[in-house]
Structure formats: structure tokens, C-alpha cells
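Respectively, the protein sequence lines represent chains Y and P. Note that the first sequence covers residues 28 to 418 in my numbering. Note that the second sequence covers residues 28 to 418 in my numbering. Where a beta carbon is used, it is the ideal one built from N, C-alpha and C, also for glycine. A short worksheet on the structure shown next.
Number of protein chains: 2
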Amino acid sequence: MKRLMMMALALFVMATTFAQQALWGGSQIVSPEIHDDHTVTFRLRAPKAVKVEVAGDFLYDAPGKARLKEGEGGVWEYTTPEPLVSELYNYSFIVDGQRMNDPSNVAMVRDVASVTNLFIIPGDPGDLYSVNDVPHGTVARRWYDSPTLKEQRRITIYTPPGYENSKQTYPVFYLLHGSGGDEEAWIALGRTARIMDNLIAQGKAKPMIVVMPNGHTQNAAAPGESDRDYLPAMGGGARQAVASMEDSFGDILKFVESNYRVKKDKANRAVAGLSMGGMHAAAISARYPKTFDYVGVFSAPPIATLMRRDNADAPRATEEFVKKLQAQQKNGFNLYWIACGDTDFLYQSVIDSMKRMDEIGFNYTYHESGEGHIWKNWRIYLSEFAPMLFR
Amino acid sequence: MKRLMMMALALFVMATTFAQQALWGGSQIVSPEIHDDHTVTFRLRAPKAVKVEVAGDFLYDAPGKARLKEGEGGVWEYTTPEPLVSELYNYSFIVDGQRMNDPSNVAMVRDVASVTNLFIIPGDPGDLYSVNDVPHGTVARRWYDSPTLKEQRRITIYTPPGYENSKQTYPVFYLLHGSGGDEEAWIALGRTARIMDNLIAQGKAKPMIVVMPNGHTQNAAAPGESDRDYLPAMGGGARQAVASMEDSFGDILKFVESNYRVKKDKANRAVAGLSMGGMHAAAISARYPKTFDYVGVFSAPPIATLMRRDNADAPRATEEFVKKLQAQQKNGFNLYWIACGDTDFLYQSVIDSMKRMDEIGFNYTYHESGEGHIWKNWRIYLSEFAPMLFR
């Protein structure tokens, strides 16, 4: 069979040459190159360019951009002056003012309508976000029926390694995205499958099912995945959502509990989210009593109304929600975990929420990190929250 | 709950503004705009550019590129002079010689290491490649154990609508990619889930499971999805494949038949592939006797050895394979479908294969289309082949 393999190789060479001639540009240069000392070199072939820059979150402390220098054959290059600490980083090139992806790097991620390249510096936490030689769970994109929203909706579901071949039942973790996301956000930008695979393999997290729905009820699915035009959260679209995420959450719960082998009690259900999803997690856990023993609110005020102090209705709405929190406290739960970065634009409303929660003796746990409203923090929060679940 | 939604909107505006300032560029222009008459306008904001072009397969008969004209605010624009026929088209922009994606179009697809934008002109066959308001199957990325290759390998599996909630068993269609592909190729470029959802909803194809493995045995998964560096098919990498696709195919068969509710007989198994995958389909169906009643060889010579007439060993290897074909013919099958485009660079070897098959009275069916070794043809072949299965 070696023969056939040789022919396949020959065919590949022919086919790629053909394809390149037909449409795509080829690139043989290495970018980014991660050196042993964890400095990184970026390269772009752009013989006609006047100015080439790289923009990315690894340049956090710099002006956010660095200039590449032109070398032989029109290949531009930039090497970070210092080693980078272990992390997952995103970047783009800017060629004469025009933002573009790195054609040499196949690793990309979509954040709503923006696509950027990514790379990972090994170590802690980078290794947790990488594919390692450990058993891998399954990631399924499915559609569930939402009678409340009167439509089929797309959902991403992670089942842990071994799920399919066991008769075991599993706990379920509902993980909600922010305003600028969809049912692909946590799996792509949040590296949920990597993090769960690795935490489970290390014995740090229990095997669990992770359910990642679409929190924008005006859309049935991520852009391009639905038969309707995608409506940005800012509105202006023709279609109003029939109901809110909280009002329709019961449909998701019902779908999961009738389609998966799950443990159907409070001790085996968790809900968490980031930003808008954090507000959803707080609202859902208060609204569905005796349903969740674990709640995570990442980079968002649990009392959402405290975000807009200019709103005349806010005080009344706040007190209404505080009553729900009191009922939630009385019903009991295992963990109510609030996490926020100290430069987050929602930081003050998170602090205000906790002040109000203190007044009613609400039993939350607070974790404060550096930096702000960014995926770097949300991946870390997930990595810290998941190990505390279902203990 | 309207209140919470309003706040989510406000939060989204804040968050996106923040994100844009932090890293990503924003774009409010519409591109591509598909007009009612099916002409298409492309737009790119590039105030500093000297020359902006669009390259794409919709310019098939043209030089393959068209120039955009600069208008107000540095927004460049090009409208196709003629309406486009219904199809899925890929394109990129070229800004001063530098290829880049359209920042206004979230629809993208990866072809190995190249990412391009796509759009669909409605009609036939475009509607078949679109998400319609029909029941949707599930697409799962899983890992199976390959004792032959001594590793876990990634695989994409489509289960038809209703699979999860029935006790029914289903037929299985193994669908193999080409040299320049991986386990994501058929689902992304081939639009398999869309095509199957739509064909099943129209009653044109039977509900079936579609299994899309990775045909490069030197890799465990698509680029970025494995813990090893990705080795292009051209070789040069450190790792030789332990065994070929044909030799290790039994592991996939075993995995599918022990993990899914499937019909386990010849009448309910199909295998097809494009290019290298077509050669795999021919080799696998010959090698596993009485296993497949349906075989599809797209844009590839079923007798792979006829591709390289300069190879001294080819005549002997050809006769060896012809003996296997004779055994396959004797064992019987329902459909052996060969499809090729008349400008395909493998056209002559396909013709040569059929000549040799005629000589032994091998009972194939041939479908000739226009054009060549392109995804447009492979999507059409899939749409024509799937309805013939399991009848």
C-alpha cells in the first residue's frame, strides 16, 4: 500500500499547485515562530507594502502595535524583544493600514464578525488550552426545540471522554456567552473542550457535560448557521425576540435532561456565564428555584440593574431581584462564585452588587483578577470554576 | 425581563466599543451585497490602498480578478457586470498585491491552510447548500481509537434529524476527503450537513449517518486539533504513518458500528471520496469484501496505478488491483459510481481506468460533468450520489 501512498503524495503536489494557480496564494514562510526562549517571530511576505505592523494582545503593555522590518524577498519580520509569558494570544497584521490575517498561520478564531489568528505559549496556563495527548470528549452541534421561542435553535454540547460507551449518568454545566458571542464562543474563544479534557485528565475536574446555548433569543444560531439573517444584539433588525433567555431557558433544561444521561438534581447542575451570560446565570439561577447548586458570574454584576444607575426604574427593579436572591439564599446552594478583573468596565457594578448582597447576607464567593473584560480572564475563570463543581 | 434585555444591549455596545478600541477593527459596510437580480457588489474600506482587486471562482471565465473602484470615504467597490448563476462562491480581496479576507463577511471557510470568504447565490443548487427551515442533523467531532495506527484520531460524524430520539437503526455513508483536506473538509467545503439536511427534508435521500474521517494517517487530526505538529501530505515530516488509510479503515468501521445505531450489512454501507479519497474508496471497497453495496469515486481513477504511467511497477500493480476488482464484481454490489469533470487533470486516468474495467466487464456507472478538480463539482456529485443510496 506504500505505492498508493506515494501516488497520493504526487497527487497532492499536483492538486495544490493547481489550487494555488486557480485561486489561493501559497506561503512557505513560518509565522509565528515560537522560539525555545518564548520570544516570538512574526513574518509576512508583502513585497509591495510600505508599512507592515502586527497588532495583538501580546503587546498589551505597548501601544498595541509593533512594526515589522522588511528583509529579503519582501518578507517582513518582527521578533518580540522579550519572551512572552504562557498564554493564548490573538493577533492580526496591518498592511498599509489594512488589517489582515496571517496567511502562514492556520490557527484562527472568530469573535462574532472578526477573525484573528492565535498562538499559544506553552506552560501554565497555555498548556491547559492546548490539545494534549489525553482522552478527548465529543463536541456536538445540535438543534433543540424551543416551544417558548417557537423555533429550533442551535446548541453546542461537550460530552466528556467515555460518555458514549458508559451507562453512567453525568452532572451538567450550563455555560453562557456574552453579548458579543453565540453558541460557538465558549468552544472557540473559551477553549472549553481543551480545558475540560485537560482538567478531567488531570483529575482536577469531574467528568461533566457542558452545554453552551445561544443566549441571543433574537437569533436561532451563530452567523451563517441559521436560515435567517443574523441580527446583531444592538437591534435594528426586523425581528424582536419572542422571549428572553431566562424565560426560554426551561426548554434547554428539558432538552438536555431528556436527550442525555444526566443526573437530574440540584447537586448536579451548574450555570455560569460571562458578561451578559453572567447576568443570565444570575437571573436563571434565581428564577428556577432549587435547580442549581453552583452559579458562576464572570465579569458581570449579579444584580444587573445596578449597571445603569441613570435608569429611574433601577431601584425598584433592584429590590425585586434582591427578593429573588433572598429566596435563592433560603433555598440554599453550594457555590455562588463571582469573578471580575480590576480594570473591567463593569467592575464598579460588580462591587455595588456585592455590597447589596452583603446587606442581605447572601453567601457568595468573590475572586478578583487583574485586567478587564477579555477572554484571557474568562478562560482562567472557567479553569478555576470547573474544578469546584459537583464536589 | 425586557429590562434585562435593554441592559444587555447597552452592555453589548459598551463591550464592542471596548473590543474595537482594544484590538479589532470595525466595519459597517455591506459586502458582498447580493442584489435581487443576482448581481453582486463587493466593498472594502481601504483609504490608503492604491489598488484593490477581488479574486474568486465567480470570475471563472474572466482573468480571475476584477478591480474595485475607490469611492467616498476610501470605500472601494465592484459590482459584477452580469448576474451570477446559483452556486456557492469563494473569494478574497487583494489589496496592493496582498491577499486578505473580506472583513465585512463573516462567512469563511478553511481549505487546509487557506481561508477565504464565501457567499451563496440562491436557486438550484445554491439552496441545497444553504441552511433552510428544515429539521437539522447533528454534527459531532469525536475521537476514535485506532489500534492499527496506535493512536486516538479525530472524526466528524453527521447523524440525521431525529437520530437521538429514535430507536431506529440507520445506514452509514463513509465520505472521504482529498489530499488537500482533513476531517473538516467535507463538512466545511462540501456543505455535507446542509446538503443532507435538505435532501432528507425533501425526501430525496434516506436518513443516514455520514462518517467523515481523516484520510491522512500521518496526522491524527486537522491542523491545530491534534497534540502533534501537522504534517502536510507532501511529507518531509519526522513521522511516517504507521499504516495506510485502507489498512486502518477497519478501526473506523468497528468504531462506528459499536458506537451508533446502524444497520450492519452490505446493503446499508456506502463509501465514496474525492480525489485521493476516491482512490481510498476504490481501494477500501475492494479490500473489504462483501462490505459495501455503494461505492463513489469522485474525480479520481479507481485504478490508482493508472495515474503514473512512468512508474515501472505500475503495470504489475494495476493487474494486482484488477484481480481485486474482479473479486469485487463477483461478490456483487448495487452501485459503483464514477464521476469526473471533463477538464480535470485526472480525466485521462479516469478514462483509462474505465477502459480497463470495461475489459473485465466491471459494472460501473459513469457521470461526466464540466469543469475540473474543484469543490463545486464535489458538492454536486454528493448531491447526486446520496439520493441513490440504500434504495
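- Closer than 9 Å to the CB of Y/Gln229 there is not a single CB belonging to chain P.
- Under a 10 Å Cβ-count criterion, P/Tyr87 is classified as exposed, with fewer than 16 other Cβ atoms of the shown protein chains found around its own Cβ.
- A Cβ-Cβ separation of about 12 Å leaves Y/Ile214 out of contact with Y/Pro240 under the 8 Å criterion.
- Here Y/Met235 carries a coil assignment [DSSP, helix/strand/coil].
- Residue range 178-186 is occupied by the beta strand (DSSP E) that includes Y/Glu178.
- Annotation for P/Met135: Val142, Asn144 place their beta carbon closer than 6 Å to its own, counting only its chain and skipping 5 residues before and after.
- No Cβ of chain P is located within less than 9 Å of the beta carbon of Y/Ala413.
- According to DSSP, residue pairing for Y/Tyr171 in a beta bridge involves Y/Arg180.
- When C-beta distances to chain Y are compared with 9 Å, the residues of the stretch 161-176 of chain P below that value are Val161, Pro162, His163, Gly164, Thr165, Val166, Ala167, Arg168, Arg169, Trp170, in chain order.
- Leaving aside the five residues that flank P/Glu395 on each side, the residues in its chain whose CB is nearer than 7 Å to its CB run, in chain order, Cys367, Asp369.
- Three or more Cβ pairs closer than 8 Å define a contact, and the stretch 230-249 of chain Y falls short of that threshold against the stretch 330-340 of chain Y.
- If you check the CB distance, P/Ala297 and P/Gly277 do not come in under 9 Å.
- Excluding sequence positions up to five before and after Y/Phe319, its CB lies within less than 7 Å of the CB of Lys293, Arg296, Ala297, Val298, Ser312, Phe360, all in the same chain and listed in chain order.
- If you draw a straight line from the Cα of Y/Asp224 to the Cα of Y/Asn192, it comes to about 17 Å.
- Any Cβ of chain P closer than 9 Å to the Cβ of Y/Glu252 would place that residue at the interface, and such an atom is present.
- If you look at P/Glu104, you'll find it in the beta strand (DSSP E) that goes 102-106.
- In chain order, Glu191, Asn192 make up the part of chain P whose C-beta sits under 9 Å from the C-beta of Y/Asn286.
- Distance check between Y/Leu226 and each of Y/Pro198, Y/Tyr201, Y/Pro187 places Y/Pro187 closest, using alpha-carbon atoms only.
- Minimum Cα-Cα distance from P/Leu202 among the listed residues P/Thr175, P/Arg181, P/Val237 corresponds to P/Val237.
- Assigned with DSSP and collapsed to three states, Y/Leu71 falls in strand.
- When Cβ-Cβ separations below 9 Å define contact, P/Ser141 makes contact with chain Y.
- In the displayed model, Y/Gln125 falls within a strand according to three-state DSSP.
- Sequence-distant Cβ neighbours of P/Glu411 in its own chain, meaning closer than 8 Å and more than five residues away, are Ala366, His394.
- Only Val142, Thr143, Ser157, Val158 from the stretch 142-158 of chain Y bring a Cβ to less than 8 Å from some Cβ of chain P.
- Of the candidates P/Ile121, P/Ala249, P/Ala93, P/Ile121 places its Cα closest to the Cα of P/Ala73.
- With the rule of 3 Cβ pairs closer than 8 Å, the stretch 370-380 of chain P does not count as touching the stretch 160-179 of chain P.
- For P/Lys78, the secondary structure class from DSSP, reduced to helix, strand or coil, is coil.
- Going by C-alpha positions, P/Glu346 is about 11 Å away from P/Met384.
- By the CB criterion at 9 Å, Y/Leu216 and Y/Asp138 fall inside the cutoff.
- P/Ile147 sits buried, since 16 or more C-beta atoms from the chains shown fall within 10 Å of its C-beta.
- A residue is called buried once 16 or more other Cβ atoms fall within 10 Å of its Cβ, and P/Asp63, having fewer, is exposed.
- With a threshold of 16 other beta carbon atoms within 10 Å, P/Ala354 falls short and is exposed.
- In chain P, no part has a C-beta under 9 Å from the C-beta of Y/Lys293; the shortest such distance is about 23 Å.
- Rounded to the nearest whole angstrom, the C-alpha separation of Y/Ser131 and Y/Ile56 is 6 Å.
- Ranked by Cα distance from Y/Val349, the first of Y/Glu109, Y/Met334, Y/Tyr363, Y/Pro329 is Y/Pro329.
- Under DSSP, P/Asp138 takes part in a beta bridge, and its partners are P/Ser141.
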